[in-house]
Amino acid sequence: MATNEFTARDTGWGFGLDIIRRNPLRWLTILVAITILAGFGIWWIQQRRAVARAQAHRSDAFTHARAMATIGEHAVPWVRQSSLNVVVDHLTTGGPVTLIVGLPGSGKTPLLEQSARCLRDRFPYALAVTFNGPAAIEPGYLLSRLNEALTSLDRGIDNQLLHRTSYERALGELAGAASDLPLLVLLDGLEQLSDDWQQRVLHTLAGLKRARVLATSCRRPPIGSPALIVNVEALTHGETIGLASAAVRALGLTVELETLLAKIRPAVAQHPQSLLLAIAQADRLPAALATQRSADTPPVSVAVEDIIRALPREDRKLLSRLLIVNGMPAETVVNLAVFTAGRGLADGAELLRSSLVEALDPVRIPAIVQSAALEAIPEMVAIAASGVVGELLTMESDILAVDAPVIAYRLAELRQYREILRICQHPQLLDHLNRVGQWDEYLAITRLGARAAQECGDDEEAAELLLRLARKLPQRGDLAGADAALQQVIAVAAGLRDAGLYGQIDSHRGMLLLYRGDVAGARLSLESALETACDPALRCVINKQLGHVYEMLGDSACALGHYRAAADGPPADRHAFEARLNIGLLHLRNDGSTPEEPGRLLLELVREAQQFSPPYPTGLSRALLAYAIFAWQNGFRKQAIQTARAALAITETDPRLRIKAVELLSRWSPPWRVLWIRPWRKLMLRLERGRAARLGRSAIENVDEYKQSLHELYSWSDGSTYQLDDVVSQARDLRDHLTSVALGTGMDHKQLESIFDKIDSRDVTMIDG
Numbered sequence: 000m001a002t003n004e005f006t007a008r009d010t011g012w013g014f015g016l017d018i019i020r021r022n023p024l025r026w027l028t029i030l031v032a033i034t035i036l037a038g039f040g041i042w043w044i045q046q047r048r049a050v051a052r053a054q055a056h057r058s059d060a061f062t063h064a065r066a067m068a069t070i071g072e073h074a075v076p077w078v079r080q081s082s083l084n085v086v087v088d089h090l091t092t093g094g095p096v097t098l099i100v101g102l103p104g105s106g107k108t109p110l111l112e113q114s115a116r117c118l119r120d121r122f123p124y125a126l127a128v129t130f131n132g133p134a135a136i137e138p139g140y141l142l143s144r145l146n147e148a149l150t151s152l153d154r155g156i157d158n159q160l161l162h163r164t165s166y167e168r169a170l171g172e173l174a175g176a177a178s179d180l181p182l183l184v185l186l187d188g189l190e191q192l193s194d195d196w197q198q199r200v201l202h203t204l205a206g207l208k209r210a211r212v213l214a215t216s217c218r219r220p221p222i223g224s225p226a227l228i229v230n231v232e233a234l235t236h237g238e239t240i241g242l243a244s245a246a247v248r249a250l251g252l253t254v255e256l257e258t259l260l261a262k263i264r265p266a267v268a269q270h271p272q273s274l275l276l277a278i279a280q281a282d283r284l285p286a287a288l289a290t291q292r293s294a295d296t297p298p299v300s301v302a303v304e305d306i307i308r309a310l311p312r313e314d315r316k317l318l319s320r321l322l323i324v325n326g327m328p329a330e331t332v333v334n335l336a337v338f339t340a341g342r343g344l345a346d347g348a349e350l351l352r353s354s355l356v357e358a359l360d361p362v363r364i365p366a367i368v369q370s371a372a373l374e375a376i377p378e379m380v381a382i383a384a385s386g387v388v389g390e391l392l393t394m395e396s397d398i399l400a401v402d403a404p405v406i407a408y409r410l411a412e413l414r415q416y417r418e419i420l421r422i423c424q425h426p427q428l429l430d431h432l433n434r435v436g437q438w439d440e441y442l443a444i445t446r447l448g449a450r451a452a453q454e455c456g457d458d459e460e461a462a463e464l465l466l467r468l469a470r471k472l473p474q475r476g477d478l479a480g481a482d483a484a485l486q487q488v489i490a491v492a493a494g495l496r497d498a499g500l501y502g503q504i505d506s507h508r509g510m511l512l513l514y515r516g517d518v519a520g521a522r523l524s525l526e527s528a529l530e531t532a533c534d535p536a537l538r539c540v541i542n543k544q545l546g547h548v549y550e551m552l553g554d555s556a557c558a559l560g561h562y563r564a565a566a567d568g569p570p571a572d573r574h575a576f577e578a579r580l581n582i583g584l585l586h587l588r589n590d591g592s593t594p595e596e597p598g599r600l601l602l603e604l605v606r607e608a609q610q611f612s613p614p615y616p617t618g619l620s621r622a623l624l625a626y627a628i629f630a631w632q633n634g635f636r637k638q639a640i641q642t643a644r645a646a647l648a649i650t651e652t653d654p655r656l657r658i659k660a661v662e663l664l665s666r667w668s669p670p671w672r673v674l675w676i677r678p679w680r681k682l683m684l685r686l687e688r689g690r691a692a693r694l695g696r697s698a699i700e701n702v703d704e705y706k707q708s709l710h711e712l713y714s715w716s717d718g719s720t721y722q723l724d725d726v727v728s729q730a731r732d733l734r735d736h737l738t739s740v741a742l743g744t745g746m747d748h749k750q751l752e753s754i755f756d757k758i759d760s761r762d763v764t765m766i767d768g
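Sequential numbering from 0 applies to the sequence shown in numbering that gives the first Met the number 0.
In structure tokens, the structure reads:
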């Protein structure tokens, strides 16, 4: 009989199929172990890749390259070694804050840049902020820049949460998150800040353990500043020769250096910016600039005016346009038709070579040139401003929102106040910025517009913009700023004789009192506003606010009456919509004791919010969350969870609603899911019946702990995103514990849910805002 050789060899092999058949369990275990190890290996590789991607993303936010791009490089590479050594020595061995103080054009910013390069190895992280722009008038820009960098390291605050936190508190939170980083903070142009905010920034950053702060300013800081001062002195004769030689090489000039320096008077030769201008204009050096020791020689600015007037007409026109976009990147500037129809950015090489322009990407023009141009070519500057603003207003909202604050700030420096008002009067700009949560840009433009309106004598426009500030600043946590804006409105209103304006003033005063906790005072102020208000839209807003106040006072009947008065507005009016939503929420709070059916009303409001144009995500999210709570209270559990998920998906601009949606979803998770995850807890509770009974009896008391956790959650402005995540996690763990205790003692799910129903009224209050 023939035998298959390969079959025999297979069955005889020690690890062949016969072994597997005899020990299937062992081989199944080995197979499972291999699968688990392979899965773990794949997971580990994915995690390493994720970490690498995260590190690659982080590397761009706090790098010296990013900081140097913000500060900008200078056309003439020259190092003032003596001053550089002093600054570096102060930063390495002195206090936490070093301030470089000197006149405009004295070389402070190049010294800042060179010092940062010297300290690259000592401080791996660097952050640069320049206040030569909207950041000078709106503190939120500094906070947003710091938060952006910290977020790349998973240490930041939710952006919308940041916008709803006071400036001082947000700065303290961000400084605490960066306290252990070896960080070099570069602040250019600190004199642009108010004394109070400058002191707050310096004192807060001085408390960072491993960080150092290097700043520049044209004036000494207020008394009590923690900064060590480094004064930038006039150039010595040797430094003048060194800078002049570097300028001749960098600008490609063919001049006799000794002869040129002999022509320049000492006041010019000792000032870096003036010296560079004189060298660059050597072929057409004005007599005033070349005069060496004349007692009646005019200031350097007058000499720069003569230089600008001597430029060819096309170069003067290009310079006037560049003044409007000073500080903007080249990729943005080249998109403006005024730089493509005639001489464009590429034609600015002559201005760059003449040192009238320091850089073209981003555009950077010395302050002395800007001041001189206002005197030398004011008509050209006005025409350029009108052309740039006219084109800016035709751009899409997203582009306009980024560029408008920078251009408005430049227009304010150039005293082109009418053009700033054109930007503010754009039919959609301010409302778009407010709606999408770009509050830094919104506040910067509104501040500039209010000042421009006052400069132009337009009291009506000034009052409107100041009222916008009075509305927005309390949401930003700046009650003092809102009160100051309201006082300015009162001063403007004295000359307008507008009764409706006084109604708005009383309304805003009432809201400020409400922010400060004076509910009774807010009621009196709002009732006074309602008596004087004639505009239906304003009466709608005041009635809605009075409804909130009466709810806080516990008078549901009066609150309902005011909400109904406000709800009579047109369907497309957001305040009327919010009043109708508040009626539905009031019904929920009263546990259905009112005759109206809240479910039908809330469902109609959800459909109404979906029809808003432009979209109103905050209103739709509030309506969805309110309907979700109604569905949960009435036993429609699945629908409640789906609706809360839909609200979470669209909540972008209000962190309170996002947090509320997350908390509701975590609380509404099926209670038995805990038992599938931790089955031993139920077993142990049943084995320890006596202990379980005691825990069950104390379950009601434990709800207080749960409510305290939720109270911390609702105090969303007091913590960062990660702290909020911790509170949500703690609240969820506590609910899981109570769920297991209740089930372990035989309590059914209805009894279990009754424990948590006691806090549902707090849910409604949270959504009510």
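The beta carbon of each residue, even a glycine, is placed where N, CA and C say it ideally should be.
Just so you know, these numbers come straight off a predicted model, no measurement behind them.
Name the two residues that bound the continuous beta strand (DSSP E) containing residue i.
i: D187; result: L182 to D187
i: A127; result: Y124 to T129
Return the chain-ordered list of same chain residues with a C-beta closer than 6 Å to the C-beta of residue i, the five sequence neighbours on each side being excluded.
i: G476; result: T164 and S165
i: G768; result: Confidence at G768 is low in this model, with a pLDDT of 48, below 50, so the placement of that residue should be treated as unreliable; the coordinate-derived value is given next. No residues qualify anywhere along the chain.
i: G71; result: A358 and R363
i: A366; result: P103
i: A461; result: A449, A452, Q453 and V491
Could you check the C-alpha separation between residue i and residue j for me, to the nearest Å?
i: A294; j: E378; result: With a pLDDT of 38 at A294, under the threshold of 50, the predicted position of this residue should be treated as unreliable, and no value is reported.
i: Q453; j: D439; result: 22 Å
i: Y615; j: A639; result: 21 Å
i: R446; j: A532; result: 26 Å
i: P404; j: I41; result: 48 Å
i: S665; j: F635; result: 17 Å
i: G618; j: Y514; result: 21 Å
i: K107; j: T239; result: 16 Å
i: S370; j: R144; result: 29 Å
i: E313; j: E390; result: 20 Å
Can you tell me where the alpha helix (DSSP H) with residue i in it begins and where it stops?
i: L256; result: L256 to K262
i: L468; result: D458 to Q474
i: A443; result: W438 to C455
i: R827; result: No answer is possible for residue 827: it lies beyond the span of the chain, which begins at 0 and ends at 768.
i: S178; result: Counting along the chain, S178 falls outside any alpha helix (DSSP H), and DSSP gives it neither H nor E.
i: V100; result: Unbroken run through V100 is the beta strand (DSSP E), V96 to V100; no alpha helix (DSSP H).
i: D653; result: Careful: D653 lies outside any alpha helix (DSSP H) and carries neither H nor E.
i: L602; result: P597 to Q609
DSSP three-state label for residue i, please.
i: A286; result: Unreliable placement is indicated for A286, whose pLDDT of 47 sits below 50; the coordinate value is still reported in the next sentence. In the structure shown, A286 sits in a helix (DSSP, three-state: H, G or I).
i: N230; result: strand
i: S216; result: strand
i: L545; result: helix
i: L152; result: coil
i: A556; result: helix
i: T239; result: helix
i: T393; result: coil
i: T62; result: coil
i: I222; result: coil
i: R496; result: coil
i: A329; result: helix
i: V362; result: strand
i: R211; result: strand
i: N633; result: coil
Output needed for residue i: all residues of its chain with C-beta closer than 8 Å, excluding positions within five of it in sequence on either side, in chain order.
i: P225; result: G94, P95, V96, L201, H202 and A205
i: A536; result: G568, D572 and H574
Leaving aside the five residues before and after residue i along the sequence, list all residues of the same chain whose C-beta is less than 7 Å from its C-beta, in chain order.
i: P123; result: P181
i: R219; result: V100 and I228
i: Q609; result: L619
Does the region 355–369 come into contact with the region 321–334, if we say contact requires no fewer than three beta-carbon pairs (one atom in each stretch) closer than 8 Å? yes
How do the region 532–544 and the region 560–567 stand: do at least 3 beta-carbon pairs fall below 8 Å, yes or no? A contact exists between the region 532–544 and the region 560–567.
Sufficient close CB pairs (3 or more, under 8 Å) joining the region 214–225 to the region 184–191: yes
Is the region 514–521 in contact with the region 491–504, if contact means three or more CB pairs nearer than 8 Å? no
When the Cβ atoms of the region 273–282 are set against those of the region 238–245, are three or more pairs found closer than 8 Å? yes
Count the C-beta pairs between the region 640–648 and the region 619–631 that are closer than 8 Å, then say yes if the count reaches three, no if not. The answer is yes - the region 619–631 touches the region 640–648, with three or more Cβ pairs under 8 Å.
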